[in-house]
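For the sequence shown, our numbering begins at 16 and goes up steadily by one. Beta carbons are placed, not taken as given, at the ideal position from N, Cα and C, and that holds for glycine. On a predicted model such as this, the values are computed, not experimentally measured, just so you know.
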Amino acid sequence: MNTKRSLFLLALSIFILGLNTLAQDDSRIKVISGNSFNTDIKKGVVVVDFYADWCRPCKMLTPLLEKIAFEEEGKFTIAKLDVDKYPEISSEYGIRGIPCLIVFKDGVEVDRIVGLQTKENIIAIVNKHL
16 MNTKRSLFLL ALSIFILGLN TLAQDDSRIK VISGNSFNTD IKKGVVVVDF
66 YADWCRPCKM LTPLLEKIAF EEEGKFTIAK LDVDKYPEIS SEYGIRGIPC
116 LIVFKDGVEV DRIVGLQTKE NIIAIVNKHL
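Set out below in structure tokens:
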């Protein structure tokens with residue numbers, strides 16, 4: 016009986032781990048680097064989330080951005096840039112508080128959202144530039 020329970024818990028753990036891995040691999044948010052930044056924002060409407068791993072509001076924003084990326088797929092791109100890894104880009108764009116979403120259209124900044132926002136507010140701001 017104890018062995019069956021242990022096997023069941025092990026199987027359940029593996030199943031849950033697999034679901035989490037699939038969810039992470041299925042991300043519609045593009046992680047960009049300093050080397051690819053200018054190329055990644057060059058075409059279309061791109062929302063770049065300037066974030067840091069230690070930032071709680073940034074962590075709270077990520078699932079919301081995932082949901083937006085899923086629901087609005089094909090309309091615009093959502094990307095993330097780690098401000099700790101690429102401070103030169105953060106400085107270039109005057110990032111003083113995070114999370115900071117910058118909306119780019121064909122490589123030009125057209126809007127900026129600082130702080131945690133609602134899904135509806137983010138979509139409304141981005142839709143102005145589509």
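Who does residue i pair with in a DSSP beta bridge?
i	result
aspartate 126	Val118
lysine 45	Ala94
How many angstroms separate the CA atom of residue i from the CA atom of residue j?
i	j	result
lysine 143	tryptophan 69	31 Å
arginine 127	valine 63	10 Å
isoleucine 140	glutamate 103	26 Å
methionine 75	threonine 18	39 Å
proline 114	lysine 58	23 Å
glutamate 124	glutamate 107	12 Å
threonine 92	threonine 54	13 Å
proline 72	glutamate 87	22 Å
Just reading off the beta strand (DSSP E) that residue i is part of, what are its end residues?
i	result
isoleucine 93	92-97
aspartate 64	60-66
On the DSSP letters alone, give me the boundaries of the alpha helix (DSSP H) that residue i sits inside.
i	result
aspartate 55	52-55
leucine 145	Premise fails: leucine 145 is in no alpha helix (DSSP H) and is neither H nor E.
leucine 76	71-86
serine 105	102-107
Considering only C-alpha positions, which residue in the set the options is nearest to residue i?
i	options	result
valine 129	Gly49, Ile110, Lys95	Ile110
alanine 67	Ile138, Thr18, Lys95	Lys95
aspartate 121	Val46, Val61, Ser42, Glu86	Val61
threonine 133	Val98, Thr77, Asp99	Thr77
Throw me the rounded Cβ distance for the residue i and residue j pair, which I believe falls under 8 Å.
i	j	result
leucine 80	isoleucine 44	6 Å
lysine 90	leucine 145	6 Å
serine 48	tyrosine 101	7 Å
Could you check if residue i belongs to the surroundings of the ligand MN, using beta carbon to heavy atom distance under 7 Å?
i	result
lysine 58	Among the components of this structure there are no ligands whatsoever, and the ligand MN is therefore not found.
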